[in-house]
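Below is one structure, written out as structure tokens; the observations come after it.
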Amino acid sequence: MNIALLGYGKMGKIIEKIAAERKHNIVLKIDFYNQNELTTENLKNADVVIEFSTPTSVIGNIQHCFEAGVPVVVGTTGWYEHLPEIKQKCLESNGTMLYASNFSVGVNIFFHINKLLAKLMNKYPYYDVQVEEIHHTQKLDSPSGTAITIAEGIIENLDTKKEWVNILTSDGDNSASDNVKNDQLLIESFRIENIPGTHTVIYDSEIDTIEFKHTAHNRNGFALGAVLAAEWIRGKKGFFPVAEMFDFGT
Ligand SMILES: NC(=O)c1ccc[n+]([C@@H]2O[C@H](COP(=O)([O-])OP(=O)(O)OC[C@H]3O[C@@H](n4cnc5c(N)ncnc54)[C@H](O)[C@@H]3O)[C@@H](O)[C@H]2O)c1
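Right, dumping it as structure tokens:
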């Protein structure tokens, strides 16, 4: 399969390696410095595009893929407020798109169990819940897209939480968390050198604490998941959240 990479940073480079191991060809690589090569003609050489760039460039890049009629797998995070309009544009243009806040198999298992756990915890309202996420210091968005997906999974299933709020905790000062209301789900973000991504859901009561945690050891799982998504989406039409690819059932 011919793949175009939009974004050739930390993720783009690992995706290139894993795609080659799976016998795919990289026919186009676009980064900040050669955006002039992002043309409809060049995109049409690809069977699928994989997009891991920045929150400010992702929307334009996705629209370019729709115009070229090439399916796009989107890993970039930090733009989800535009999700409804992008979905509409995808369907109107008869395009194909799959997006994920996190492509790793382990995290998608985590997402699924997180929802089941939240539903179960309705029976035990004396536990309060919060989400913690830790990432490397170059990460541009906060909270992480993965933490937002985790929080949405809790809010959909736990009656006591209505919306999430985020605090980026620096220097160990988390005094701002005192202002979080009972029906708000706190996502606390930490930025620490060299952490690929750690997410913890914490149910806390006076008696005990239950912690449900995923730790990424490196970026390979995200990259493999993105290549698997490119293989899965080829030949399909429509707009797909990654859960459709994993299909864990209910
Ligand atoms: N969904 C997932 O599984 C997953 C996993 C890891 C990272 N991410 C997300 O993927 C994105 C990229 O992560 P990264 O660690 O590779 O970041 P990075 O900063 O290492 O790479 C981003 C690259 O995009 C380039 N870029 C800037 N403008 C561009 C444009 N207009 N077109 C194409 N490229 C452009 C930058 O020069 C940079 O090289 C981030 O949003 C990150 O949060 C998602």
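Numbering (the numbering used here), first residue to last: 4 to 253. Glycine included, C-beta positions come from ideal geometry on N, C-alpha and C.
Just checking Ala-7 against ligand 1 - is the residue's beta carbon closer than 7 Å to any of the ligand's heavy atoms? Numbered from 1 along the sequence shown, position 4 holds the residue referred to as residue 7. It does not: the Cβ of Ala-7 is nowhere closer than 7 Å to a heavy atom of ligand 1.
Is any heavy atom in ligand 1 found nearer than 7 Å to the beta carbon of Gly-109? Working through the sequence shown from its first residue, we reach residue 109 at position 106. Gly-109: no, Cβ never under 7 Å from ligand 1.
Contact between the stretch 225-235 and the stretch 125-143: three or more CB pairs below 8 Å? no
Residues that DSSP places opposite Lys-32 in a beta bridge: On the sequence shown, position 29 is the one that residue 32 refers to. Lys-32 is bridged to Leu-8.
Answer yes or no: the CB of Tyr-83 versus the heavy atoms of ligand 1, is any distance below 7 Å? Taking the sequence shown and counting its residues from 1, the one referred to as residue 83 is at position 80. Not under cutoff, so the answer is no.
Identity of the residue in His-139, Gly-200 and Asp-207 nearest Gly-109 by Cα: Position 106 of the sequence shown, counting from 1, holds the residue named residue 109. The option with the nearest alpha carbon to Gly-109 is Gly-200.
Cα-Cα, which of Tyr-102, His-138 and His-220 is closest to Lys-90? What you label residue 90 is simply residue 87 of the sequence shown in a count that begins at 1. Minimum Cα distance to Lys-90 is reached at Tyr-102.
Considering only the beta carbon of each residue, do Ala-22 and Ile-33 sit closer than 8 Å? Indexing the sequence shown from 1 puts residue 22 at position 19. Indexing the sequence shown from 1 puts residue 33 at position 30. No, Cβ-Cβ distance for Ala-22 and Ile-33 is not below 8 Å.
If distances are taken between C-alpha atoms only, which option among Asn-111, Glu-40 and Ser-56 comes closest to Phe-249? Taking the first residue of the sequence shown as position 1, residue 249 is located at position 246. Among Asn-111, Glu-40 and Ser-56, the Cα nearest to that of Phe-249 is on Asn-111.
If you run the structure through DSSP and keep just helix, strand and coil, what is Asn-221? Along the sequence shown, read from residue 1 onward, the residue named residue 221 stands at position 218. Reduced to three states, the DSSP call for Asn-221 is coil.
Cβ-based neighbour list, Ser-145, same chain, cut-off 7 Å, excluding 5 preceding and 5 following: Position 142 of the sequence shown, counting from 1, holds the residue named residue 145. Taken in chain order, the residues that qualify are Asn-169, Leu-171 and Ser-192.
C-alpha distance - Lys-126 paired with Asp-211, whole-angstrom precision: As a position in the sequence shown, residue 126 is number 123, starting the count at 1. As a position in the sequence shown, residue 211 is number 208, starting the count at 1. Each residue's Cα considered, the two are about 16 Å apart.
Taking Cβ to Cβ, would you say Leu-8 is nearer than 8 Å to Ile-18? As a position in the sequence shown, residue 8 is number 5, starting the count at 1. As a position in the sequence shown, residue 18 is number 15, starting the count at 1. Yes, Cβ-Cβ distance for Leu-8 and Ile-18 is below 8 Å.
Put Pro-128 into one of helix, strand or coil per three-state DSSP. Numbered from 1 along the sequence shown, position 125 holds the residue referred to as residue 128. The answer is coil: DSSP assigns Pro-128 none of H, G, I, E or B.
Please return the same chain residues whose Cβ sits closer than 8 Å to the Cβ of Thr-152, not counting the five positions on each side in sequence. Position 149 of the sequence shown, counted from the start, is the residue given in the question as residue 152. Counting only Cβ-Cβ distances below 8 Å, and skipping sequence neighbours, we find Ser-104, Asn-105 and Phe-114.
Around the C-beta of Asp-186, are 16 or more other C-beta atoms found within 10 angstroms, so that it is buried, or is it exposed? The residue you call residue 186 lines up with position 183 of the sequence shown. Label assigned to Asp-186: exposed.
Span of the beta strand (DSSP E), counted from its first residue to its last, around Val-52: As a position in the sequence shown, residue 52 is number 49, starting the count at 1. Per DSSP, Val-52 belongs to the beta strand (DSSP E) from 51-54.
Tell me the DSSP secondary structure of His-139 in three-state form. In the sequence shown, residue 139 corresponds to position 136, counting from 1. Looking at His-139 - three-state DSSP - the assignment turns out to be coil, as it is neither helix nor strand.
Starting from the C-beta of Thr-80, find all residues in its chain whose C-beta is less than 6 Å away, skip the five residues before and the five after it, and write them out in chain order. Working through the sequence shown from its first residue, we reach residue 80 at position 77. Closer than 6 Å at the Cβ level, and outside the excluded window around Thr-80, lie Ser-104, Asp-144 and Gly-148.
Rounded to whole angstroms, how far is the Cβ of Met-4 from the Cβ of Val-51, which I believe are closer than 8 Å? Taking the first residue of the sequence shown as position 1, residue 4 is located at position 1. Taking the first residue of the sequence shown as position 1, residue 51 is located at position 48. Confirmed, about 7 Å.
Per DSSP, what kind of secondary structure is Phe-242 in: helix, strand or coil? Position 239 of the sequence shown, counted from the start, is the residue given in the question as residue 242. Here Phe-242 sits in strand by DSSP.
For the stretch 45-113, which segments carrying the beta strand (DSSP E) assignment without a break, of at least 3 residues, lie completely within its bounds, in sequence order? 51-54, 75-77 and 99-102
Simplified DSSP state of Leu-188, which is helix, strand or coil: For this step, residue 188 is matched to residue 185 along the sequence shown. Note: Leu-188 maps to strand in three-state DSSP.
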